[in-house]
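Add 104 to the 1-based position in the sequence shown for the numbering used here, that's all there is to it.
Even glycine gets a Cβ: it sits at the ideal position worked out from N, Cα and C.
Worksheet: the structure to be examined is printed underneath.
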Amino acid sequence: MNAPTEEQASGLPLTLRIVQIVCFTFLAYLVIGMQLAVLPPFVHNELGFGAVLAGLVISTQYVATLLSRGFAGRTSDTAGPKRAALIGMVACGGSGLLMIVAALLREWPAVSLGVMLLARLALGMGESCVATGCIMWGIGRVGAEHTAKVISWNGIATYGALAVGAPLGVLLAAAGGFVTIGIAGSALMVVAWLLAWRRPAVRVEAGERLPMHHVFGRVAPYGMGLALGSVGFGVIATFITLYYASRGWSAAALTLSVFGVCFVGIRLLLGWTIAYFGGYRVALVSLLVECVGLAVLATAGQVGVAMLGAALSGIGFSLIFPALGVEAVQRVSSSNRGAALAAYSVFIDVALGITGPLGGWIAAGGNYAPMFVVAALMSLASALLTGGLYLVYGNTMRG
105 MNAPTEEQAS GLPLTLRIVQ IVCFTFLAYL VIGMQLAVLP PFVHNELGFG AVLAGLVIST
165 QYVATLLSRG FAGRTSDTAG PKRAALIGMV ACGGSGLLMI VAALLREWPA VSLGVMLLAR
225 LALGMGESCV ATGCIMWGIG RVGAEHTAKV ISWNGIATYG ALAVGAPLGV LLAAAGGFVT
285 IGIAGSALMV VAWLLAWRRP AVRVEAGERL PMHHVFGRVA PYGMGLALGS VGFGVIATFI
345 TLYYASRGWS AAALTLSVFG VCFVGIRLLL GWTIAYFGGY RVALVSLLVE CVGLAVLATA
405 GQVGVAMLGA ALSGIGFSLI FPALGVEAVQ RVSSSNRGAA LAAYSVFIDV ALGITGPLGG
465 WIAAGGNYAP MFVVAALMSL ASALLTGGLY LVYGNTMRG
């Protein structure tokens with residue numbers, strides 16, 4: 105066993121040591137949330153472009169995140185996770201500066217749009233570096249045995265920041281115009297970078313660096329489980345409003361809030377179960393709960409039942425990423441775990457990216473219930489895959 109680091113021996117509570125790092129994830133995703141809320145109307149209403157280009161501006165970030173996952177993971181392994189996180193903060197801050205330029209160039213819509221696409225590419229790269237870097241930095245501070253807790257708290261920071269960032273972005277844009285989004289984002293990242301620079305780095309693990317495609321192959325089964333289990337979240341986030349409208353129901357926004365509260369609540373209350381029972385078991389139970397929730401949503405005859413389905417879906421989805429992620433990173437040595445985490449995260453990027461077109465195709469006739477049935481079946485398939493992985497690897501030595 106490795107000797108405790110200075111951070112581990114500092115006497116600070118475990119959760120506080122984790123929060124001191126994942127707070128940088130919160131600040132980065134606050135920037136993402138602020139942009140997400142105001143970009144489509146700016147592109148559509150002020151620049152005069154259609155819905156397709158407005159959607160392209162949003163999705164550009166996700167493409168950049170996907171393509172930069174490998175860089176983020178390998179940088180964490182070779183230069184240290186603090187370095188990866190700092191690079192990500194610079195990229196997110198650069199995105200804010202480019203947003204200022206785009207706002208100032210609104211009289212030339214095509215040029216403004218081009219600058220905005222660059223800003224979104226920078227933000228996507230920043231997202232992957234901050235997310236991967238902060239998770240690995242947190243693990244380095246508290247020890248690999250607390251991997252699940254670090255991932256869980258990082259997720260809380262992510263979704264909490266998006267929830268806060270969206271309304272904050274609307275308020276800022278209403279008060280000072282679109283340019284304030286860029287100013288606020290750049291200022292937040294300057295503060296984050298200065299605070300992060302003062303935090304001690306953690307040791308870079310020595311050892312063989314596996315080629316990325318080897319790492320990817322080792323985590324792919326877990327990533328497939330994650331992807332299948334994430335479709336339900338993607339369908340709810342994308343189509344719940346249209347689903348409610350097709351049924352003549354209101355309160356779609358409240359249903360999303362119920363989902364989010366259950367998601368965060370379970371991570372806070374039951375995140376410890378991953379270390380106690382193991383990732384496979386927690387993932388298996390979570391996927392089955394999510395499957396039931398999606399089935400309830402698909403067959404709901406009234407809004408109260410649909411909310412119950414959303415609540416069960418949020419409860420089920422909450423621990424899937426950290427539970428399977430713990431097992432995924434155990435499949436490689438400690439010197440390759442940043443790359444493993446990055447490769448694993450690619451699968452949720454892809455899953456959420458294809459959910460929109462897939463769901464739209466399934467619901468082309470205006471009937472949205474079959475989407476939730478398909479998502480439930482995918483959760484069930486993920487549970488079967490997870491059970492198989494547990495039988496093969498659950499009792500074997502890892503790494």
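*Return the residue from the list Gly286, Val454 and Ile260 that minimises the CA-CA distance to Phe78.*
Residue numbering for the chain in the displayed model covers 105 to 503; residue 78 lies beyond these limits and cannot be assessed.
*Between the stretch 477-497 and the stretch 356-374, are three or more C-beta pairs nearer than 8 Å?*
Output reads no: the stretch 356-374 does not touch the stretch 477-497.
_Inter-residue spacing [alpha-carbon to alpha-carbon] between Ala369 and Met193_ = Start at 1 with the first residue of the sequence shown, and residue 369 comes out as number 265. Start at 1 with the first residue of the sequence shown, and residue 193 comes out as number 89. First, the amino acid is wrong: residue 369 is Gly here, not Ala. Rounded to the nearest angstrom, the two C-alpha atoms are 28 Å apart.
*To the nearest angstrom, how far is it from the Cα of Gly327 to the Cα of Ala432?*
On the sequence shown, position 223 is the one that residue 327 refers to. On the sequence shown, position 328 is the one that residue 432 refers to. Gly327 and Ala432 have their C-alpha atoms some 8 Å from each other.
_Nearest residue (CA-CA) to Ala455, options Ala158, Val205 and Val335_ = By 1-based counting over the sequence shown, the position of residue 455 is 351. Ala455 has its Cα closest to that of Val335, out of Ala158, Val205 and Val335.
*Per-residue DSSP class, three states only, for Tyr326*: Within the sequence shown, the letter at position 222 stands for residue 326. Tyr326 carries a helical assignment under DSSP once its states are collapsed to helix, strand and coil.
*Give the DSSP-derived three-state secondary structure of Gln406 in the structure shown.*
On the sequence shown, position 302 is the one that residue 406 refers to. In the three-state reduction of the DSSP assignment, Gln406 falls in the coil class, being assigned neither a helical nor a strand state.
*Once you ignore the five residues that flank Asn106 on each side, which residues in its own chain have a CB closer than 7 Å to its CB?*
Locating residue 106 in the sequence shown gives position 2, where the first residue counts as 1. Here Asn106 scores only 46 on pLDDT, less than 50, and its place in the model is too uncertain to base an answer on.
*How far does the alpha helix (DSSP H) with Ser216 in it reach, from first residue to last?*
Position 112 of the sequence shown, counted from the start, is the residue given in the question as residue 216. That run of the alpha helix (DSSP H) goes Pro213 to Val246.
*Touch check for the stretch 441-458 and the stretch 282-294: three-plus C-beta pairs under 8 Å?*
Counting C-beta pairs closer than 8 Å gives fewer than three between the stretch 441-458 and the stretch 282-294, which falls short of the contact rule.
*Does the beta-carbon of Leu373 have 16 or more other beta-carbons within 10 angstroms, so that it is buried, or is it exposed?*
By one-based count along the sequence shown, residue 373 stands at place 269. That one is exposed.
*With 16 other CB atoms within 10 Å as the buried threshold, where does Leu325 fall?*
For the purposes of this step, residue 325 is taken as residue 221 along the sequence shown, with counting starting at 1. With the sequence shown as reference, residue 325 is identified as Pro, and Leu is not the correct amino acid for it. Looking at its Cβ environment, which holds 16 or more other Cβ atoms inside 10 Å, Pro325 is buried.
*In angstroms with no decimal places, state the Cα-to-Cα distance between Trp212 and Ala206.*
In the sequence shown, the residue the question calls residue 212 occupies position 108. In the sequence shown, the residue the question calls residue 206 occupies position 102. Each residue's Cα considered, the two are about 9 Å apart.
*asked:* Cutting at 6 Å between CB atoms, please list the residues of its own chain near Pro117, excluding the five before and the five after it.
replied: Locating residue 117 in the sequence shown gives position 13, counting from the first residue. In the same chain as Pro117, and ignoring 5 residues on each side of it, no C-beta atom comes closer than 6 Å to its own.
_Measuring only from the beta carbon, is Gly154 closer than 6 Å to any heavy atom that is part of the ligand PLP?_
With respect to small molecules bound, the structure shown includes none, and the ligand PLP cannot be examined in it.
_Coarse secondary structure for Asn471, derived from DSSP in three states_ = Taking the sequence shown and counting its residues from 1, the one referred to as residue 471 is at position 367. Asn471 falls in the coil class under three-state DSSP.
*Which of helix, strand or coil DSSP assigns to Glu110*: Residue 110 sits at position 6 when you count from the first residue of the sequence shown. Interpretation of Glu110 is limited by its pLDDT of 44, a score under 50 that renders its predicted location unreliable; no figure is taken from the coordinates.
*Could you tell me the distance, in whole angstroms, from the CA atom of Arg441 to the CA atom of Leu462?*
On the sequence shown, residue 441 is found 337 positions in, with the first residue counted as 1. On the sequence shown, residue 462 is found 358 positions in, with the first residue counted as 1. Looking at the two C-alpha atoms, the distance is approximately 32 Å.
_Buried or exposed by the 16-neighbour rule on C-beta atoms within 10 Å, applied to Pro108_ = Here residue 108 corresponds to residue number 4 of the sequence shown, with the count starting at 1. Unreliable positioning characterises Pro108 in this predicted model, as indicated by a pLDDT of 47, which lies under 50. The coordinate reading is nonetheless provided below. With fewer than 16 Cβ atoms within 10 Å of its Cβ, Pro108 is classed as exposed.
*asked:* Going by DSSP, what residue range makes up the alpha helix (DSSP H) through Leu209?
replied: As a first step, residue 209 is located in the sequence shown; it is residue number 105 there, counting from the start. Element bounds for Leu209: n/a, residue is neither H nor E.
*Near Ser354, what residues of its chain come up, given a Cβ to Cβ distance below 8 Å and the 5 sequence neighbours on each side ignored?*
Working through the sequence shown from its first residue, we reach residue 354 at position 250. For Ser354, where only same-chain residues beyond five positions count, the Cβ hits under 8 Å are Tyr348 and Val407.
*Are Val430 and Gly383 touching if we call contact CB-CB under 7 Å?*
The residue labelled residue 430 in the question sits at position 326 within the sequence shown. The residue labelled residue 383 in the question sits at position 279 within the sequence shown. The answer is yes: Cβ separation under 7 Å.
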